[in-house]
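Some notes on the structure that comes next.
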Amino acid sequence: MGRMTELPTKGGFSFDLCTRNDMLLKNGLQMPPFRKTGTTIVGLVFQDGVVLGADTRATEGPIVADKNCEKIHFMAPNIYCCGAGTAADTEAVTDMVSSQLQLHRYATGRESRVVTALTLLKSHLFSYQGHVSAALVLGGFDVTGPHLHTVYPHGSTDTLPFATMGSGSLAAMSVFESKYREGLTREEGIELVAEAICAGIFNDLGSGSNVDVCVITEGKTEYLRNYQLPNPRTYISSKGYTFVKGQTEVLSTKITSIQPKVEAVEGGDAMEE
Amino acid sequence: MGDSQYSFSLTTFSPSGKLVQIEHALMAVGSGQTSLGIKATNGVVVATEKKLPSILVDETSVQKIQLMTPNIGVVYSGMGPDSRVLVRKSRKQAQQYFRLYKEIIPVTQLVRETATVMQEFTQSGGVRPFGVSLLIAGYDDNGPQLYQVDPSGSYFSWKASAMGKNVSNAKTFLEKRYTEDMELEDAIHTAILTLKEGFEGQISGKNIEIGIIGTDRQFRVLSSSEIDDYLAEVE
């Protein structure tokens, strides 16, 4: 039997299954929905650095898949990235670029720069022509100062003093547009970010649960997980439910006794040792 | 040497069962600058001579001891450029391991992968073995560890080891001075004394390099002023 010849591995997205998918759709298959983060993510630049914010709800169509997920991803000790879109895509792309940045830090012996992360992300997303559904808000503080960027799934980027992405971006942007000004203090910046995320949480179906905040300044990063919990779960009874006997109505009863099929015989020969 | 007919081709065994190219690679290591490592109860120290070819070379631009991960460092004896290639590959493998298992790579795994790379270069066409031996020092959940990897790809765990020009004197010195309950600070002093044994010229923070890792699990290379402080203590 001959060995299967190995084709050289090609880079980039393999479109081989697209014809099959089209055929399946024509034959009436329901495509399973992607788990989207249906999100509100924001970032702003204040006088000493950047503040990033995100909600914590992950949705799968109309269902909340995760009530407290983490949308602010680590890229470098001085760079963090919020992700909206398909959860798997944002996780994978931020992990990959974070790994590349670490290798780059070893090779150069220097702290990573935000533009490096930005370029790695946009090149990757562009080469996948928008099929990697990751919309990101990238922020950090490097040797050239504080930076804030947005990255779109097709690979375009913006550099902004304040930015919002995700399904709740309009609600959050309305807060920023009315209240943002240059030279905010740290407390004002965090307040404004939390307010913008809350606007998304309360006014957008795809966003909800809690507020995560990340503050990046020169030489220091603070990841404030669950900074605000505006949607506490209230339980009727902390002891749980009790079911009284007789509460459930018995409709019919059928009792079947078990007939032994195998006779167990005592004694007999021992097994060979 | 009766083996000389078999000494040019890496992938051919000599009749005595040796791969002569690997023997030659070990000679390249043996003529390299001395380096050593000592495993203490609460950390590991590695040290090496940093003799530069001329006083005009900017010594701040040369760093022989490198990091592979935040908790694993490496020093070499032999050909510097070869060690650079290995360090680069190992860094990448450590990242890939983390991406796959979401666990920081254990020291033994990284040593094994580095050794595999070195072995591959002894069994492939058109390449030569690496002309370096590496001393890999790390601290993970199994405590402090020190491994030596040779050009053949074999690796050993050591309590204390030396490589390079002055290997026999250094090892004798280490055998006498090493104790099981040595702590990191003692190990650093012992390392400096061992280097001093075979050192030609005046030893200072500018012509030796020391890397340490303690219970904080952060490998770091000491600055030349820190080394000068230790040298003053030792004297």
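Chains A and B supply the protein sequences, listed in that same order.
Residues in the first sequence are numbered from 6 upward in steps of one, following the working numbering.
Residues in the second sequence are numbered from 4 upward in steps of one, following the working numbering.
Built from N, CA and C at the ideal position, the CB exists for glycine as well.
Quiz prompt | residue 121/A in three-state terms, based on DSSP | solution = helix
Exercise. List the residues of chain A that residue 95/B touches, going by C-beta distances under 8 Å, in chain order.
Key: 108
Exercise. Output the distance between the C-alpha atoms of residue 230/A and residue 217/A, rounded to the nearest integer angstrom.
Key: 5 Å
Quiz item: Which residues, in chain order, does the region 102–133 of chain B contribute to contact with chain A at a C-beta distance below 7 Å?
Solution: 102
Quiz item: Between the region 100–131 of chain A and chain B, which residues of the former have a C-beta closer than 7 Å to a C-beta of the latter?
Solution: 100, 104, 107, 108, 111
Exercise. With a 10 Å radius around its C-beta and 16 neighbouring C-beta atoms as the bar for buried, classify residue 152/A as buried or exposed.
Key: buried
Practice problem: Establish whether the CB of residue 98/B and some CB of chain A are separated by less than 8 Å. | Solution: yes
Practice problem: Could you pull out every residue in the same chain whose Cβ sits closer than 7 Å to the Cβ of residue 152/B, ignoring the five residues on either side in sequence? | Solution: 114, 117, 118, 121, 136, 137, 139, 158
Exercise. Quick one: grab the DSSP three-state call for residue 197/A.
Key: helix
Quiz item: DSSP on residue 172/B, reduced to helix/strand/coil?
Solution: helix
Practice problem: Determine whether the Cβ of residue 13/B lies closer than 8 Å to any Cβ atom of chain A. | Solution: no
Practice problem: Specify, as a first and last residue, the run of the beta strand (DSSP E) that residue 263/A falls within. | Solution: Segment: none, residue 263/A is in no beta strand (DSSP E) and carries neither H nor E.
Self-check item: Euclidean distance between Cα positions of residue 324/B and residue 196/B
Solution: Chain B is shown only over 4 to 238; residue 324/B falls outside these bounds and no answer can be derived.
Quiz prompt | Secondary structure of residue 85/A, DSSP reduced to three states | solution = strand
Quiz item: If you compare alpha carbons, which of 75/A, 228/A, 159/A is closest to residue 96/A?
Solution: 75/A
Quiz item: How big is the Cα-Cα spacing for residue 114/A and residue 23/B?
Solution: 38 Å
Self-check item: Beta-carbon proximity check, residue 144/A vs residue 55/A, cutoff 8 Å
Solution: yes
Quiz prompt | Start-end ranges of the beta strand (DSSP E) lying completely within the region 154–210 of chain A, minimum 3 residues | solution = 162–164, 167–170
Quiz item: For residue 62/A, is the classification buried or exposed, using 16 other Cβ atoms within 10 angstroms of its Cβ as the cut-off for buried?
Solution: buried
Quiz item: Expressed to the nearest angstrom, what Euclidean distance is found between the alpha-carbon atoms of residue 249/B and residue 84/A?
Solution: In the structure displayed, chain B extends from 4 to 238; residue 249/B sits before or after that span and is not available.
Practice problem: Put residue 82/B into one of helix, strand or coil per three-state DSSP. | Solution: coil
Quiz item: For residue 27/B, does the three-state DSSP call read helix, strand or coil?
Solution: helix
Self-check item: Three-state secondary structure (DSSP) of residue 103/A
Solution: helix
Quiz item: Three-state secondary structure (DSSP) at residue 248/A?
Solution: coil
Quiz item: Between residue 131/A and residue 160/A, is the Cβ-Cβ spacing less than 8 Å?
Solution: yes
Quiz item: Distance, Cα to Cα, residue 199/A vs residue 181/A?
Solution: 11 Å
Quiz item: Going straight from the alpha carbon of residue 205/A to that of residue 107/B, what length do you get?
Solution: 36 Å
Self-check item: DSSP bridge partner residues for residue 115/A (one or two, in chain order)
Solution: Residue 115/A pairs with nothing; no bridge assigned.
Quiz item: Bridge partners of residue 77/B, per DSSP?
Solution: 69/B, 139/B
Practice problem: Would you please verify whether the beta carbon of residue 70/B is less than 8 Å from any beta carbon of chain A? | Solution: yes
Quiz prompt | Cα-Cα separation, residue 264/A to residue 258/A | solution = 19 Å
Quiz item: How is the beta strand (DSSP E) around residue 22/B delimited, first residue to last?
Solution: From DSSP, residue 22/B is part of no beta strand (DSSP E); its letter is neither H nor E.
Practice problem: Out of 174/A, 137/A, 112/A, state which residue places its alpha-carbon closest to the alpha-carbon of residue 44/A. | Solution: 174/A
Quiz item: Under three-state DSSP, which class holds residue 7/A?
Solution: In this prediction, residue 7/A scores a pLDDT of 42, lower than 50, which makes its location untrustworthy; the coordinate-derived value is nonetheless stated afterwards. Residue state, collapsed to three classes: coil.
Quiz item: Taking just the CA atoms, how far does residue 227/B sit from residue 48/A?
Solution: 42 Å
Quiz prompt | Cβ-based neighbour list, residue 201/A, same chain, cut-off 6 Å, excluding 5 preceding and 5 following | solution = 47, 177, 180, 181
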